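Q: In my numbering, the protein residues as written are 50 to 437.
A virtual CB, placed ideally from N, CA and C, is assigned to each residue, including glycine.
None of these values were measured; they are calculated from a predicted model.
This is the structure, below, for whatever I ask next.
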Ligand code: SF4
Ligand code: SF4
């Protein structure tokens with residue numbers, strides 16, 4: 050061998066650590082390539098992200114590629130993987146290793162620093178967390194008086210658009226006479242963002258603290274606005290209390306409507322298509338609740354997009370991508386709003402693209418604005434509130 054020839058370095062430690070973190074998941078892959086064909090990056094790039102090749106590289110102990118941070122953890126690939134590989138766990142574990150090695154994209158460390166200092170990823174003072182509700186007079190959660198805790202989350206606390214969805218939900222809960230409270234400025238973070246960007250140790254630290262707050266405050270039943278928080282509480286949290294039952298708010302609204310506690314007053318005349326959030330439909334197999342809510346509202350006609358239910362198309366905001374730059378022309382949400390437009394176009398009268406996730410709301414609305422489309426995006430709670 051020519052002594053000048055570069056030597057290919059294999060990183061055995063990477064593979065060993067990955068196996069340890071994923072319980073051997075990465076070894077299951079037999080390189081069929083289904084994941085590559087399914088990944089939505091193929092819809093926005095001429096040369097798609099090769100998930101198969103990415104996994105092969107780490108199996109061989111080669112360095113990871115930019116795909117590590119492109120993945121939105123949407124889980125579409127793993128829905129179709131014939132070997133049942135938890136591909137999102139592999140991406141998260143590799144991100145954890147990248148954090149250990151301090152090899153993370155610009156922007157993510159400051160995101161986590163904000164979570165550390167401010168309890169939110171929006172670089173906003175924690176004291177302002179309840180400002181969105183200053184005119185709503187929502188009481189602080191008291192287990193002796195309240196049936197549920199409304200877990201608002203960072204996006205709905207600080208983002209102007211998402212605040213409107215939170216206010217609509219409050220209106221609906223009041224109309225149904227639900228006794229509920231919030232934790233206001235004391236609301237702790239769910240830590241879902243830390244989980245999404247793969248900083249598992251920091252997530253565990255946050256989850257431990259938040260679980261303690263819930264325990265001390267006597268929280269048994271909570272409804273979360275964000276599917277990301279709901280997923281964290283349901284699937285990744287330490288013990289909170291006996292009977293701790295987190296729900297996504299659409300699940301609770303479906304119960305309110307079906308039990309007759311919430312009765313729509315005004316019939317609507319709208320055609321709605323529903324964008325399933327990945328963290329509801331795929332990570333938690335919940336595709337029914339939002340549709341049950343829509344079905345219970347008089348005058349709503351539901352039309353489905355080509356990608357719907359567990360086959361939903363990611364908005365591009367998960368896995369920390371909300372906080373990273375995505376080139377114009379590469380945004381999944383652009384593809385998604387076009388899909389919505391297509392099924393809603395034949396509708397006469399009011400047509401709405403609905404969703405049930407703060408991140409989806411922000412990404413989809415950005416795309417609608419950027420493309421100057423006449424498409425209305427609303428949260429499910431906002432649609433329900435229209436019937437009051
Ligand atoms: S679909 Fe599953 S088995 Fe096939 S290449 Fe992807 S991870 Fe491997
Ligand atoms: S989780 Fe989604 S974005 Fe990530 S590799 Fe799979 S399909 Fe692509």
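Spell out a yes or no on whether the stretch 179-199 and the stretch 147-159 are touching, meaning 3 or more CB-CB pairs, one atom from each, closer than 8 Å.
A: no
Q: Given that a residue counts as buried once 16 or more other Cβ atoms are within 10 Å of its Cβ, and exposed if not, what is residue 125?
A: buried
Q: Out of curiosity, what's the CA-to-CA distance linking residue 431 and residue 87?
A: Residue 431 and residue 87 have their alpha carbons spaced roughly 32 Å apart.
Q: Measuring alpha carbon to alpha carbon, tell me which residue in 321, 341, 376 is nearest residue 400.
A: 321
Q: Could you please give the first and the last residue of the uninterrupted beta strand (DSSP E) stretch that includes residue 45?
A: Here the chain has residues from 50 to 437 only, and residue 45 is not among them.
Q: My assumption, with CB atoms under 8 Å, is that residue 408 sits in contact with residue 366. Please give the rounded CB distance.
A: 4 Å
Q: Closer than 7 Å by C-beta to residue 215: which residues in its own chain qualify, once you throw out the five before and the five after it? Chain order, please.
A: The beta carbon of residue 215 is closer than 7 Å to those of 181, 201, 205, 274 in its chain, skipping five residues each way along the sequence.
Q: So residue 125 is in the alpha helix (DSSP H); what residue range does that whole segment cover?
A: 125-129
Q: Between residue 350 and ligand 2, is there a pair consisting of the residue's CB and a ligand heavy atom that are separated by less than 7 Å?
A: no
Q: If you reduce the DSSP assignment to three classes, tell me which class residue 238 lands in.
A: DSSP, reduced to helix, strand and coil, places residue 238 outside both helices and strands of the structure shown, so it counts as coil.
Q: DSSP three-state label for residue 383, please.
A: helix
Q: According to the neighbour-count rule (16 or more other Cβ atoms, all chains shown, within 10 Å of its Cβ), is residue 100 buried or exposed?
A: buried
Q: Whose C-alpha, out of 385, 345, 248, is nearest the C-alpha of residue 162?
A: 248
Q: State buried or exposed for residue 169, treating a residue as buried only when at least 16 other CB atoms are found within 10 Å of its CB.
A: Answer is buried; the Cβ neighbour count reaches 16.
Q: Could you name the residues of the same chain whose beta carbon sits closer than 8 Å to that of residue 227, not counting the 5 residues immediately before and after it, in chain order?
A: 196, 197, 305, 310
Q: Counting only runs that start and end within the stretch 264-322, where is the alpha helix (DSSP H) found for 4 or more residues in a row?
A: Here the runs fully enclosed are 276-280, 298-307.
Q: So what's residue 427 in DSSP terms, helix, strand or just coil?
A: strand
Q: Tell me the DSSP secondary structure of residue 202 in three-state form.
A: Residue state, collapsed to three classes: helix.
Q: Beta-carbon within less than 6 Å of residue 63's beta-carbon, same chain only, minus the 5 sequence neighbours each way: which residues are those?
A: 110
Q: When the distance is taken between beta carbons, is residue 316 closer than 8 Å to residue 404?
A: no
Q: Taking 7 Å as the line, does the beta carbon of residue 125 fall inside it for any heavy atom of ligand 2?
A: yes
Q: I'd like to confirm something about residue 134: is its beta-carbon nearer than 7 Å to some heavy atom of ligand 1, or not?
A: yes
Q: Verify whether the separation of the beta carbon atoms of residue 80 and residue 105 is less than 8 Å.
A: Yes.
Q: State the beta-bridge partners of residue 229 as determined by DSSP.
A: 197
Q: Is DSSP giving residue 93 helix, strand or coil here?
A: helix
Q: Kindly list the residues whose CB is nearer than 6 Å to the CB of residue 241, restricted to its own chain and excluding five residues on each side of it in sequence; keep chain order.
A: 277, 278, 281
Q: Considering Cα atoms alone, identify which of 119, 286, 77 is closest to residue 246.
A: For the residues 119, 286, 77, the minimum Cα distance to residue 246 belongs to 119.
Q: On a CA-only basis, which of 270, 244, 154, 60 is nearest residue 193? Give me that one, please.
A: Taking the Cα of residue 193 as reference, the smallest distance to any Cα among 270, 244, 154, 60 is reached at 270.
Q: Indicate, with yes or no, if ligand 1 has a heavy atom lying under 7 Å from the CB of residue 83.
A: yes
Q: Just the C-alpha distance for residue 235 and residue 333, rounded to the nearest angstrom, thanks.
A: Their backbone Cα atoms lie some 28 Å apart in a straight line.
Q: Between residue 396 and residue 224, what straight-line distance do the alpha-carbon atoms span, to the nearest angstrom?
A: 30 Å
Q: Three or more C-beta pairs under 8 Å: does that hold for the stretch 359-378 against the stretch 122-138?
A: The stretch 359-378 makes contact with the stretch 122-138: 3 or more CB pairs, one atom from each, lie closer than 8 Å.
Q: Which of helix, strand or coil does DSSP assign to residue 403?
A: strand
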